[in-house]
Amino acid sequence: MTDRSGLFDLTGRSALVTGAAGGIGRAVAEALARAGAAVLVTDVDGAAAAAVAGKIAADGGTADSAPLDVTDRSAADAAVARAAGLTGGTLHILVNNAGVTAPAMFDKLTEDSFRRILDVHVLGTHRCAQAALPHLPEDGRGRIINVTSSAGLVGTLGQVDYSAAKAAITGLTKSLARELARRNILVNALAPLAATPMTETIRTNERFAARMLARIPLGRWAEPAEVAGAFVFLASDAASFVTGQVLPVDGGMVM
Numbered sequence: 001m002t003d004r005s006g007l008f009d010l011t012g013r014s015a016l017v018t019g020a021a022g023g024i025g026r027a028v029a030e031a032l033a034r035a036g037a038a039v040l041v042t043d044v045d046g047a048a049a050a051a052v053a054g055k056i057a058a059d060g061g062t063a064d065s066a067p068l069d070v071t072d073r074s075a076a077d078a079a080v081a082r083a084a085g086l087t088g089g090t091l092h093i094l095v096n097n098a099g100v101t102a103p104a105m106f107d108k109l110t111e112d113s114f115r116r117i118l119d120v121h122v123l124g125t126h127r128c129a130q131a132a133l134p135h136l137p138e139d140g141r142g143r144i145i146n147v148t149s150s151a152g153l154v155g156t157l158g159q160v161d162y163s164a165a166k167a168a169i170t171g172l173t174k175s176l177a178r179e180l181a182r183r184n185i186l187v188n189a190l191a192p193l194a195a196t197p198m199t200e201t202i203r204t205n206e207r208f209a210a211r212m213l214a215r216i217p218l219g220r221w222a223e224p225a226e227v228a229g230a231f232v233f234l235a236s237d238a239a240s241f242v243t244g245q246v247l248p249v250d251g252g253m254v255m
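The sequence shown maps to residues 1 to 255 in the UniProt record's numbering.
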């Protein structure tokens, strides 16, 4: 399971990944484990998270799991404590990946739906980062990695709420990076574009799919494993002088 080489070796570090039962979150949890990290796999679907952790362990990695609804601060506190316990009380890496979508054109977008998207994406990121802060080391190994989207950078049809939430995460990332720089904790974000259950609606709609592919210079969607390496980079010593950045991993769509 392990794949460790110098700057990218995460041996001895713990990581918590939210929304890790499938898609990008699962790929990230698996990649961090391959790099040597002890990973807490969390998801609102606790059984699915446990299955992912079991697969990681079966492949030789170190993993545990916990159910986590990121709209619940007490659940975030408990998950962070459990993840920190994997390496003696310190959480080194937090990946805020949990997310939901509720596509609707603006004239049909309800306030309740909008609030739900903001609660999961923006406040969920806030809750988990705030819960993690007391457990993050200030020796240069502490990392918060948020997940935004090209939708938050350039907008997208039928997802004003999602685009607004992801744009907010970009601002949150940059401001938090400035605050935590004095504590030597690095905060960055990734804007990945991959074939996941969340993007299935777009990918299976012939008209929307063609329009999207026309915007991607590489002409295809990534598999989740293809974007996971960027998370390992930001979590590792190779990114020791990188903070406050948003890295698109999208086949060149946002240049």
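Note that the Cβ used here is the ideal one computed from N, Cα and C, for glycine as well.
Source: prediction; values computed, not measured.
Rounded to whole angstroms, what's the CA-CA distance from N188 to V147? Just pull it up for me.
-> 9 Å
Cβ pair G244, I185 closer than 8 Å = no
Could you pull the start and end residues of the beta strand (DSSP E) that S14 belongs to?
-> 14-17
Boundaries of the alpha helix (DSSP H) in which L94 is found, first to last residue = Unbroken run through L94 is the beta strand (DSSP E), 93-96; no alpha helix (DSSP H).
Would you report the Cα separation of A167 and D72, rounded to the nearest angstrom?
-> 22 Å
Own chain, CB closer than 8 Å to P197, minus 5 neighbours either side, in chain order = G22, G23
Among the residues of its own chain, which have a CB less than 8 Å from the CB of L218, if the five just before and after it don't count?
-> G251, G252
To the nearest angstrom, report how far apart G158 and A151 are at their CA atoms.
-> 10 Å
Between A38, A81, P67, which lies nearest to G60 when the distance is taken from Cα to Cα?
-> A38
Is the beta carbon of A131 sitting closer than 8 Å to the one on I144?
-> no
CA-to-CA distance, L7 to G124, given in whole angstroms = 30 Å
To the nearest whole angstrom, what separates the beta carbons of L91 and A83, a pair I think is in contact under 8 Å?
-> 5 Å
Could you round the C-beta distance between A235 and I93 to whole angstroms and report it? I think they count as a contact, below 8 Å.
-> 5 Å
Taking only runs that begin and end inside the stretch 164-229, name each unbroken alpha helix (DSSP H) of 4 or more residues, in chain order.
-> 200-203, 206-214
Indicate whether D64 and A81 have their beta-carbon atoms separated by less than 8 Å.
-> no
For A63, the first and last residue of its enclosing beta strand (DSSP E) = 62-67
Length of the line joining the Cα atoms of N96 and R207 | 31 Å
For V246, which beta-bridge partners are listed by DSSP?
-> A189
Between the beta-carbon of A195 and the beta-carbon of V28, is there less than 8 Å?
-> no
Return the CA-CA distance between D119 and G25, expressed in angstroms with no decimal places.
-> 19 Å
Quick one: what does DSSP say R116 is sitting in, helix, strand or coil?
-> helix
Output the distance between the C-alpha atoms of T204 and L86, rounded to the nearest integer angstrom.
-> 40 Å
By how many angstroms is the C-alpha of V154 removed from the C-alpha of R127?
-> 26 Å
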